[in-house]
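Structure record follows, encoded as structure tokens.
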Amino acid sequence: MELTDAIGENDDSEGAADLFRVVGRQVRLLRERADLTQRELGERLGYSEDLVRSLERGRRTPQPEFLDAADEALGAGGLLRTAKKNVTRAKARARVKHPAWFRDCARLEADAVEINFFSTPTVPGLLQTEEYARTTFMSRQPLLDEATIEQRVTARLARQETLARWPSPMVSAVIDESVLRRSVGGDEVRNGQLKHLQHLARLRSTTVQVLPMACEDHSALEGPFILLTPKGRGQLAYLEVQSTNRLITDAEEVRILAARYGSIRGQALSPHESLALIERLPGER
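Next comes the structure, spelled out in structure tokens:
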């Protein structure tokens, strides 16, 4: 009997979520049988502890390459490999439930060949860990119910599959230093996020820069924004401030924001200097 025989051909997102939870439980049982921690398994496979944890909880889609590597590392004898086809089908059928106001941006982001972030309140959602993302949603006012929080965390993590596809989009992020120094969710959550940013900063397709607090007059004091370049289309911009969200398609407005972004990158620390700072921050108070 295959690992996924227990899951029917349900074509909605609940069926996909059930499948991912079943696969996650099998990974956890095999890992525990091998007497490995989540961190140890992640190190063996070249993945972060956070990703292994998310997969075991069924909150992250298990990618085929992960299932192949985990099957071999855990001596599963093909048990995990047999799930690949079912996971692929479930992933195609599932409908990720983003808030209505973000759906257009999420759709464009998934098809983008280039994504640029300037972030001042939090780490960009595409680069967040599960724990960091959950903290941001739990902090919302008015309060979100638990079901909505979990739904939005799942949707945010699903967006990150964009970073794993090939060819990968070129992603750059300029993050204000104050964001990285703020202990969102406590030191453990913050340090986990910093470690994840270190991993992302070393990817060929991702550039992370820090805008230092010593920069007194940077070019985007008006606030954060995102620049998106969908495949075969011109560049667009997205703004999100408090409860106001706006997708910008006007060419002149987008040009101005793109020019600001270029200026901000010039004022930020270099990628190498930024990575060095991010590596130091966990030990600083």
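Numbering-wise, my numbering comes out as the position in the sequence shown, counting from 1, plus 1149.
Here a beta-carbon is modelled for each residue, glycine too, at the ideal position from N, C-alpha and C.
Check                                                                                                     : Outcome
Residue of 1182, 1423, 1321 minimising C-alpha distance to residue 1262                                   : 1321
Where residue 1325 sits in the DSSP three-state scheme                                                    : strand
Close Cβ partners of residue 1358 (< 8 Å) along its chain, the five nearest in sequence each way excluded : 1321, 1322, 1323, 1324, 1414, 1417, 1418, 1419, 1420, 1423
Simplified DSSP state of residue 1313, which is helix, strand or coil                                     : coil
DSSP three-state assignment for residue 1278, whether helix, strand or coil                               : coil
Nearest neighbour of residue 1171, chosen from 1197, 1188, 1190, 1233 [CA to CA]                          : 1233
Terminal residues of the beta strand (DSSP E) in which residue 1387 lies                                  : 1385-1390
C-alpha distance - residue 1244 paired with residue 1309, whole-angstrom precision                        : Because residue 1244 sits at a pLDDT of 48, beneath the cut-off of 50, its placement in the model cannot be relied upon, and the following sentence gives the value as read from the coordinates. Residue 1244 and residue 1309: Cα-Cα distance of roughly 15 Å.
Residues sharing a beta bridge with residue 1402, DSSP                                                    : The partner list for residue 1402 (beta bridge, DSSP) is empty, contrary to what the question assumes.
Nearest neighbour of residue 1380, chosen from 1298, 1264, 1342, 1351 [CA to CA]                          : 1264
Bounding residues of the alpha helix (DSSP H) (the contiguous stretch that carries residue 1342)          : 1336-1350
Supposed contact pair residue 1218 and residue 1176 - C-beta distance, whole angstroms, cut 8 Å           : Going by Cβ atoms, the distance from residue 1176 to residue 1218 rounds to 11 Å, so no, they are not a contact pair.
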